[in-house]
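Numbering (the working numbering), first residue to last: 5 to 310.
This is the structure in structure tokens:
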């Protein structure tokens, strides 16, 4: 009887020890991951590279002009990676799309496209975002600075003829701008291996420094991420409908409305059939996400004061 109890006690102790070791490893890895992130942030801060964490995304703390310079500098040094401009719709999308969330976390640069994100950063962080950086604004600013450096640019996306029209307008605006190729991929191209091979071969043959892809989220991000290793380019900017804006196909809201944070109302009025579900139903989820972010920030401040 004594032997049985001793055996059971030893078994329980061994099991407890194994569980504790497992917990130790889990916490150790979490701690090491935390240390790694802090070291990266400290390194970036020391080099003047500031970021703002918001809703689980690290945004570059830059103005539009600074962001464009950052992209062009990456193009000059063939620094490859995705450049994304998360907006309210994207933030909502990331909550249920783990693949998209991983892509955004691993992106080269992340710029906040939307005044609600800028406003939220002012409420919940000590390093608020200076302004919004939209894909529609970024394409113009990057092209202007790229023309000065003689960089090669490629436009992939848009409806038939849109990318070409956008390229011509931008080249008329910026003397010396080199847009070495444009292509409108057919519907479903992302699932067609032959078409994908053809697109990649065309891009790689043109010595592209900066690639713009505008086929809508999450398609553009997922396609670019899946073929990142094969593309011989610098930064890849995922810009959604930016070609339509640059070409003048879709008219942007007046500057006053853009700065007010209600450009989405303008777009909804211009394209109600396509956008009503996104803005009025899906994106309403952002309200709860923002409130939760504010609650977390309040708790942090309360514990710091204590």
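All C-beta atoms, glycine included, are put in the ideal place defined by N, C-alpha and C.
Buried or exposed, going by whether 16 or more other CB atoms sit within 10 Å of the CB of residue 81? Numbered from its first residue, the chain shown carries residue 81 at position 77. Under this definition residue 81 is an exposed residue.
By the DSSP assignment, the beta strand (DSSP E) with residue 178 in it spans what residues? As a first step, residue 178 must be located in the chain shown, where it is residue number 174. Premise fails: residue 178 is in no beta strand (DSSP E) and is neither H nor E.
Residue 156 bridges to which residues according to DSSP? Along the chain shown, one-based indexing puts residue 156 at 152. Note: residue 156 sits in a beta bridge opposite 182.
Between 214, 302 and 175, which lies nearest to residue 85 when the distance is taken from Cα to Cα? Residue 85 sits at position 81 when you count from the first residue of the chain shown. Residue 214 is the option with its Cα nearest to residue 85.
Taking the Cβ atom as the reference point for each residue, do residue 105 and residue 112 lie within a distance shorter than 8 angstroms? Walking along the chain shown from the start, residue 105 turns up at place 101. Walking along the chain shown from the start, residue 112 turns up at place 108. No. Outside cutoff.
Residue 158 and residue 203 closer than 8 angstroms at C-beta: Numbered from 1 along the chain shown, position 154 holds the residue referred to as residue 158. Numbered from 1 along the chain shown, position 199 holds the residue referred to as residue 203. Going by C-beta atoms, residue 158 is not nearer than 8 angstroms to residue 203.
Keeping to the same chain, check which residues put their C-beta closer than 8 angstroms to that of residue 298; ignore five residues upstream and five downstream. Counting from one through the chain shown, the residue named residue 298 turns up at place 294. Closer than 8 angstroms at Cβ, skipping near neighbours: 124, 127 and 128.
Residue range of the beta strand (DSSP E) that includes residue 215: For the purposes of this step, residue 215 is taken as residue 211 along the chain shown, with counting starting at 1. 214-218 is the extent of the beta strand (DSSP E) around residue 215.
Apply the 10 Å Cβ neighbour rule to residue 162 and answer buried if 16 or more other Cβ atoms are within range, or exposed otherwise. Counting from 1 along the chain shown, the entry for residue 162 is found at position 158. So residue 162 counts as buried.
Within 10 angstroms of its Cβ, does residue 239 collect 16 or more other Cβ (buried), or is it exposed? Here residue 239 refers to the residue found at position 235 when the chain shown is read from its first residue. Residue 239 comes out buried.
Taking residue 71 and residue 142 to be in contact with their CB atoms under 8 angstroms, please state how far apart those CB atoms are, rounded to whole angstroms. Against the chain shown, residue 71 aligns to sequence position 67. Against the chain shown, residue 142 aligns to sequence position 138. The pair is a contact, with the Cβ atoms about 6 angstroms apart (cut-off 8 angstroms).
Beta carbon of residue 63 nearer than 8 angstroms to that of residue 116: Counting from 1 along the chain shown, the entry for residue 63 is found at position 59. Counting from 1 along the chain shown, the entry for residue 116 is found at position 112. Closer than 8 angstroms, so yes.
Comparing alpha-carbon positions, which option in 199, 252, 139 and 201 lies nearest residue 118? Along the chain shown, read from residue 1 onward, the residue named residue 118 stands at position 114. The shortest C-alpha separation from residue 118 is found at 139.
Give the C-beta separation of residue 147 and residue 181 to the nearest angstrom, bearing in mind that I take them to be a contact with Cβ-Cβ under 8 angstroms. Here residue 147 is taken as the residue at index 143 of the chain shown, counted from 1. Here residue 181 is taken as the residue at index 177 of the chain shown, counted from 1. Rounded, the Cβ-Cβ distance is 6 angstroms, consistent with contact.
Can residue 242 and residue 87 be called in contact, C-beta distance under 8 angstroms? Here residue 242 refers to the residue found at position 238 of the chain shown. Here residue 87 refers to the residue found at position 83 of the chain shown. Closer than 8 angstroms, so yes.
The beta strand (DSSP E) enclosing residue 87, as first and last residue numbers: Working through the chain shown from its first residue, we reach residue 87 at position 83. Counting along the chain, the beta strand (DSSP E) containing residue 87 begins and ends at 85-88.
For the beta strand (DSSP E) containing residue 242, name the first residue and the last one. Taking the chain shown and counting its residues from 1, the one referred to as residue 242 is at position 238. Its beta strand (DSSP E) spans residues 239-242.
Per-residue burial, residue 164 [other beta carbons within 10 Å of its own, 16 or more giving buried]: Translated into the one-based positions of the chain shown, residue 164 becomes position 160. Exposed, because fewer than 16 other Cβ atoms sit within 10 Å of the Cβ of residue 164.
Helix, strand or coil at residue 235 [DSSP, three-state]: Translated into positions along the chain shown, residue 235 becomes position 231. Coil at residue 235, not helix or strand.
What did DSSP end up calling residue 266 once you bin it into helix, strand or coil? Your numbering for residue 266 matches position 262 in the chain shown. Of the three classes helix, strand and coil, the one that applies to residue 266 here is coil, per DSSP.
Given a cut-off of 8 angstroms, decide if residue 132 and residue 186 are closer than it, judged by their beta-carbon atoms. For the purposes of this step, residue 186 is identified with residue 182 of the chain shown, where counting begins at 1. For the purposes of this step, residue 132 is identified with residue 128 of the chain shown, where counting begins at 1. Their beta carbons are not under 8 angstroms apart, which means residue 186 does not touch residue 132 by this criterion.
The beta strand (DSSP E) that contains residue 56, what's its start and end? The residue you call residue 56 lines up with position 52 of the chain shown. Residues 55-58.
Comparing alpha-carbon positions, which option in 269, 258 and 166 lies nearest residue 217? By 1-based counting over the chain shown, the position of residue 217 is 213. Out of 269, 258 and 166, 166 has the C-alpha closest to the C-alpha of residue 217.
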